[in-house]
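In the working numbering, the protein residues as written are 13 to 231.
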């Protein structure tokens with residue numbers, strides 16, 4: 013019998029920040045660059061942060077309600093306790109980032125890119141990663157109402173101890189996507205499951221959906 017290989021885990025490294033300078037700006041504008049700065053409870057509510065760069069920064073307790081982040085870049089950056097009822101962040105780029113206990117309502121992150129990112133311990137009502145390019149992403153201990161990966165290209169994604177209402181993978185290209193230990197109520201896109209690893213319990217839950225997709229009648 014052929015051996016079953018485990019999925020390759022995300023390649024993750026720690027974000028190391030040194031000699032940060034406290035940011036005291038009261039106003040934030042599009043196209044700005046923040047490098048090596050620490051933000052303590054900053055309010056970006058309603059701000060236009062289009063194409064803004066956060067490089068080697070720590071953002072502790074930021075709020076992004078109705079902020080426009082389209083095209084922004086986050087590099088070697090840590091976000092702690094971020095809050096956004098609506099997060100407008102399409103076409104953003106996230107590389108070497110740690111996001112801890114986010115509280116996001118509708119997170120519009122479609123057409124974005126992700127590399128070496130951890131998301132830990134948050135509550136996300138709607139995480140829209142449709143058509144995104146994702147490599148080396150780990151999401152742990154999160155409650156997610158809906159995770160939309162439709163049309164995304166995903167390599168080495170691990171969902172650990174998460175609860176997901178709806179998982180949408182329609183027309184996604186998936187490699188080494190580990191769903192074991194995660195609960196989800198609804199799965200859309202069973203025809204795109206190639207490259208996904210599930211456990212025996214999840215297989216039992218998905219059996220009716222798989223049978224319907226394959227035209228199998230269970231009588």
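Backbone N, C-alpha and C fix where the C-beta goes; we use that ideal spot for every residue, glycine too.
- Taken atom to atom, the span from the alpha-carbon of residue 91 to that of residue 74 is near 8 Å.
- Between the C-alpha atoms of residue 47 and residue 202 there is a straight-line separation of about 43 Å.
- When the Cα atoms are used, residue 155 and residue 139 turn out to be separated by approximately 11 Å.
- Counting along the chain, residue 21 sits inside no beta strand (DSSP E), nor does DSSP assign it H or E at all.
- Under the DSSP assignment, residue 72 falls in the beta strand (DSSP E) whose first and last residues are 70 to 72.
- Taken through DSSP and simplified to helix, strand or coil, residue 84 comes out as coil.
- DSSP places residue 50 in the uninterrupted beta strand (DSSP E) bounded by 49 to 52.
- In this structure residue 49 is buried. Its beta-carbon is surrounded by 16 or more other beta-carbon atoms within 10 angstroms.
- In this structure, 61 is the residue among 28, 61, 53 with its C-alpha nearest to the C-alpha of residue 40.
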